[in-house]
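First residue of the sequence shown? That's 6 in my numbering, and the numbers climb one at a time after it. Contents: one structure, followed by commentary.
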Amino acid sequence: MKIRLIDPAYQHPYISHSQKVIKNIWFARLTLTTLAALTPPDIEVKITDENVEPIDFEEDVDLVGVTGMIMHAPRAYEIAQRFRQRGIPVVMGGPHASSLPLEAKEHVDAVVIGEAENVWEGLIEDSKNGSLKPFYKAEAFCSMEGLPFPRLDLLRKDAYMTINCAQTTRGCPHQCDFCHVTHFFGKTYRCRPVDEVIEEVKRLEGDFLVFIDDNIAGNRRYAKELFTRLKPLKKQWASQASMTLTRDPELLKLAAESGCVSLFIGVESLSSENLKDVNKSFNQVHQLEEAMKAVHDHDIMVLAGFIFGLDYDDEGVFERTLRFCERNRIELPSFFLLTPLPGTALFQRIESEGRLLHKDWGQYNGATVVFQPRLMTEETLQHGFNWACKEGYSWGSIFKRVFHPQQRFFTRVLSNIAYRSIAQKTPEGYLPRLSRILQGMNDTIPLQNTRDLIQRVGEKIAEKKLLLGQKAADTLKLYSVYNERLKTLFVRLEGSIDREGAKELAKRLKGALDVEIQKVVLDFNDVRAFSSEAITFLSRKGFLQTEEGKLWVAVNIPNIRS
Ligand code: B12
Ligand code: SF4
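Pasting the structure below:
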């Protein structure tokens, strides 16, 4: 019996990679090499990664297996159709088929839902007997003990940056709403026996490998043991980890000592509201800069992932994020558009809110807007994203990010050049007009004078002044979001406000005036102390009114202009 396993290429004018880019930065997933390793030895099994070689649709085979993420679905279905036209049965598995098995079944003969380890041999037997079942789903997750080593020998070694990939764990202890991993693996986080991983790594040629785990440090005890055992092998490795890794100095040190040279870390957003909204509050915004520094201090390169289009993102998010990357010298920023993947909590929510634009899976590629964002239009989100991709890999931005005292300067520069070649293909995008203005509306205004402040008690302003020794904040913080759909700027104020602060606020609001802004909502609820001059000034301007006993007011443009 002959089996051909196929990884479909994503065909897209600017997202698909050229052979040269694949050779510079790409590695093959372990999907098909793992399936091949699970195939009984008496069966001839071959792999085609369409990203690096064409598919032979005329090949004489008995069974075709196709994999695919969501965006690969249309191409996977086309491939299946070509083989089925010749009467060759096709089976499909992987993230897409596992999330939407009924849809997949319309295009193939059999669908494997979830992991293949416990069903693949049985499926092959059924195929031999001409009795393929429509669906195969293992009753439980497979054991991580005794997994066969992936058949890396079946890959075209010269086509990739490396074929040296291994997996130490499956799943993730976290459950971010947008992520497919927890949907696929449930709440499990399973670790392979360290001995087996070490044996596999020892067999890899060369001194560099990629651990394709979703979160290599999800179990700190396991990770510490693994890193300790890796040290004597003197390999260099790259992987993915959640930010929690950066909070354990011993773990980070061990990672570096065991050869970790780069980590993909999902930072996702600089807004704690966004992180909370997608169940990722364990990324703590106030610790982000420290976390990036901790990784750099260990000579580990940071590939930081950011998502645009989350519900609290306004037009300022693109520039704010890019400047964060430059300030923190993030070697390789990766920008993605929020993409509701079927099966995830995010998909359910966005679909139930009627915000999905379509279900053309080929466009669910992380670079195309496929849903209605909350605070901006689809067009603004797409343009802002395109702008960030291009601007992030402009020479100016690269220059700001790559110069720092850590080692691996040339690796940093070369990988930026490779990423730049991808980013350059992104269509032109513009920075939303309000972006810069919003930076000024998200700022801290220092207080000139903390004497004579009048304390705010509950919803009212107390008559008495702050008593000696009582503390008032010495800054006024502005937290602003612009809702492009409502054409309204919401400004939440926090801290204390004196006359100078009030004047500065008025100045910035005036500067923020844009034909598009129809309304400004100032929220004074978190202002703890006012100077009497500030109250007079704000009241005279019409900014400060109590409405239903609350200290907030909606200000229309003409009021601000005057
Ligand atoms: C390595 C990796 C990458 C590499 C891939 C390099 C490459 N050559 O493609 C990089 C980092 C570049 C990458 C990029 C992207 N990735 Co990725 N990636 C992974 C990761 C971490 C590991 C893949 C892997 O090797 N797994 C190990 C193998 C053994 O597991 P498996 O693939 O699931 O296969 C098992 C079963 O699914 C089943 N199976 C799978 N296929 C088939 C087929 C048949 C016939 C059968 C019988 C069984 C079967 O059997 C296998 C053994 O049990 C996965 C997460 C994960 N844990 O799988 C995400 C993952 C696959 N990626 C994902 C995404 C979204 C992307 C991007 C679209 C991100 C983006 N927005 O840009 C891009 C797309 C890249 C592209 N153009 O193809 C999502 C897919 C979700 C979805 N529903 O589509 C995942 C699940 C991660 C996530 N957080 O949600 N990725
Ligand atoms: S930490 Fe990363 S891998 Fe884990 S659930 Fe969140 S996004 Fe997915």
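Heads up, the beta-carbon is just placed ideally off N, CA and C, and yes, glycines get one too.
DSSP-derived helix/strand/coil call for L386: Taking the sequence shown and counting its residues from 1, one reaches residue 386 at position 381. The answer is helix: DSSP assigns L386 an H, G or I state.
Host beta strand (DSSP E) of Y19 (start-end): Position 14 of the sequence shown holds residue 19. Y19 -> no beta strand (DSSP E), and no H or E assigned at all.
Cβ pair count under 8 angstroms reaching 3, the stretch 7-18 against the stretch 38-55: Cβ pair count under 8 angstroms is three or more, so yes.
Residue burial classification, T344 (beta-carbon count within 10 angstroms, cutoff 16): Translated into the one-based positions of the sequence shown, residue 344 becomes position 339. T344 is buried by the Cβ-count criterion.
8 angstroms Cβ cutoff, M248 in contact with chain B: Given the protein chain composition of this structure (a single chain), no chain B is represented.
Near ligand 1: F415 beta-carbon under 7 angstroms from a heavy atom: Against the sequence shown, residue 415 aligns to sequence position 410. Answer for F415: no, Cβ out of range of ligand 1.
Proximity test, P79 beta-carbon vs ligand 1 heavy atom, cut-off 7 angstroms: Taking the first residue of the sequence shown as position 1, residue 79 is located at position 74. Set against 7 angstroms, the gap from the CB of P79 to the closest heavy atom of ligand 1 is not smaller.
Run of the beta strand (DSSP E) containing S339, from where it starts to where it stops: Here residue 339 is taken as the residue at index 334 of the sequence shown, counted from 1. S339 -> beta strand (DSSP E) spans 337-342.
heavy atom of ligand 1 below 7 angstroms from Y15 C-beta: Taking the sequence shown and counting its residues from 1, the one referred to as residue 15 is at position 10. Annotation for Y15 indicates a beta carbon within 7 angstroms of some heavy atom of ligand 1.
Reduced DSSP category for C181 - H, G, I as helix; E, B as strand; rest coil: The count along the sequence shown starts at 1 and reaches residue 181 at position 176. If DSSP states are grouped into helix, strand and coil, C181 belongs with coil.
Bounding residues of the beta strand (DSSP E) (the contiguous stretch that carries K281): For the purposes of this step, residue 281 is taken as the residue at position 276 of the sequence shown. No beta strand (DSSP E) holds K281; the alpha helix (DSSP H) holding it covers 277-282.
N- and C-terminal bounds of the beta strand (DSSP E) containing R208: For the purposes of this step, residue 208 is identified with residue 203 of the sequence shown, where counting begins at 1. Counted as a single uninterrupted DSSP element, the stretch harbouring R208 is not any beta strand (DSSP E) but the alpha helix (DSSP H) occupying residues 199-208.
Supposed close pair L257, A299 - CB separation, criterion 8 angstroms: Locating residue 257 in the sequence shown gives position 252, where the first residue counts as 1. Locating residue 299 in the sequence shown gives position 294, where the first residue counts as 1. The C-beta distance from L257 to A299 rounds to 6 angstroms, short enough to fall under 8 angstroms.
Stretch pair the stretch 210-220 + the stretch 173-188: three plus CB contacts closer than 8 angstroms: Taking a cut-off of 8 angstroms on C-beta distances, the stretch 210-220 touches the stretch 173-188, as three or more cross pairs fall below it.
Beta-carbon spacing of V283, D182 below 8 angstroms: For the purposes of this step, residue 283 is taken as residue 278 along the sequence shown, with counting starting at 1. For the purposes of this step, residue 182 is taken as residue 177 along the sequence shown, with counting starting at 1. Yes, these two residues count as a Cβ contact at 8 angstroms.
A478 versus E210: straight-line alpha-carbon distance, rounded: For the purposes of this step, residue 478 is identified with residue 473 of the sequence shown, where counting begins at 1. For the purposes of this step, residue 210 is identified with residue 205 of the sequence shown, where counting begins at 1. Computed Cα separation, rounded: 60 angstroms.
Paired residues, beta bridge with S536 - DSSP: Stepping through the sequence shown from its first residue, residue 536 is reached at position 531. In DSSP, S536 forms a bridge with L458.
Inter-residue spacing [alpha-carbon to alpha-carbon] between T36 and L443: Within the sequence shown, residue 36 is the residue found at index 31, counting from 1. Within the sequence shown, residue 443 is the residue found at index 438, counting from 1. Distance between the alpha carbons of T36 and L443 is about 44 angstroms.
Assumed close pair R2, S536 - CB separation to whole angstroms, cut-off 8 angstroms: What the structure shows of the chain is the stretch from 6 to 567, and residue 2 is not part of that stretch, so it cannot be assessed.
Residue from A143, Y141, Y317, M306 with nearest C-alpha to I270: The count along the sequence shown starts at 1 and reaches residue 270 at position 265. Out of A143, Y141, Y317, M306, the CA that lies nearest to the CA of I270 is found in M306.
Inter-stretch contact (C-beta, 8 angstroms, three-pair minimum) for the stretch 429-448 and the stretch 480-493: Counting C-beta pairs with one atom in each stretch, the stretch 429-448 and the stretch 480-493 have three or more that are closer than 8 angstroms, which means they touch.
Candidates Y19, G264, N29: closest to I168 by CA position: In the sequence shown, the residue the question calls residue 168 occupies position 163. Checked all of Y19, G264, N29; the closest Cα to I168 is N29.
N- and C-terminal bounds of the beta strand (DSSP E) containing E499: Taking the first residue of the sequence shown as 1, we reach residue 499 at position 494. Segment 493-502, the beta strand (DSSP E) holding E499.
Rounded Cβ spacing between D528 and F495 (contact assumed at less than 8 angstroms): Locating residue 528 in the sequence shown gives position 523, where the first residue counts as 1. Locating residue 495 in the sequence shown gives position 490, where the first residue counts as 1. At roughly 7 angstroms, the Cβ-Cβ gap stays under 8 angstroms, so D528 and F495 are in contact.
Anticipated Cβ contact below 8 angstroms, L2 with V290, distance rounded: Residue 2 is absent from the structure shown; the chain starts at 6 and stops at 567.
For S440, the nearest candidate out of V418, H112, T326 (CA to CA): For the purposes of this step, residue 440 is taken as residue 435 along the sequence shown, with counting starting at 1. Minimum Cα distance to S440 is reached at T326.
N220: CB within 7 angstroms of a non-hydrogen atom of ligand 2: As a working mapping, residue 220 is identified with position 215 in the sequence shown. For N220, the distance from the CB to the nearest heavy atom of ligand 2 is below 7 angstroms.
Beta-ladder partner(s) of I11, from DSSP: As a position in the sequence shown, residue 11 is number 6, starting the count at 1. Residue pairing by DSSP places I11 opposite T53, V71 in a beta bridge.
Option nearest C147 by Cα separation, candidates C170, N123, I48: The sequence position of residue 147 within the sequence shown is 142, counting from 1. When only C-alpha atoms are compared, the closest one is N123.
Any non-hydrogen atom of ligand 2 closer than 7 angstroms to V186 Cβ: Taking the sequence shown and counting its residues from 1, the one referred to as residue 186 is at position 181. For V186, the shortest separation between its Cβ and any heavy atom of ligand 2 lies below 7 angstroms.
Reduced DSSP category for I118 - H, G, I as helix; E, B as strand; rest coil: Along the sequence shown, one-based indexing puts residue 118 at 113. Three-state DSSP puts I118 in a strand.
Option in E538, E130, F88, D319 with minimal Cα separation from Q377: To locate residue 377, count along the sequence shown from 1; it is residue 372. Among E538, E130, F88, D319, the Cα nearest to that of Q377 is on D319.
Anticipated Cβ contact below 8 angstroms, K492 with I540, distance rounded: If you number the sequence shown from 1, residue 492 lands on position 487. If you number the sequence shown from 1, residue 540 lands on position 535. Separation of the CB atoms of K492 and I540 is rounded to 29 angstroms, and the pair is thereby denied contact status at 8 angstroms.
With 16 other Cβ atoms within 10 Å as the buried cut-off, status of Q16: Taking the first residue of the sequence shown as position 1, residue 16 is located at position 11. Around the beta carbon of Q16, fewer than 16 other beta carbons sit within 10 angstroms, so the residue counts as exposed.
Rounded C-alpha distance that separates G73 from V96: By 1-based counting over the sequence shown, the position of residue 73 is 68. By 1-based counting over the sequence shown, the position of residue 96 is 91. Taking the straight line joining both Cα atoms gives about 12 angstroms.
Span separating the alpha-carbon of K430 from that of K133: Against the sequence shown, residue 430 aligns to sequence position 425. Against the sequence shown, residue 133 aligns to sequence position 128. Going from the Cα of K430 to the Cα of K133 covers about 46 angstroms.
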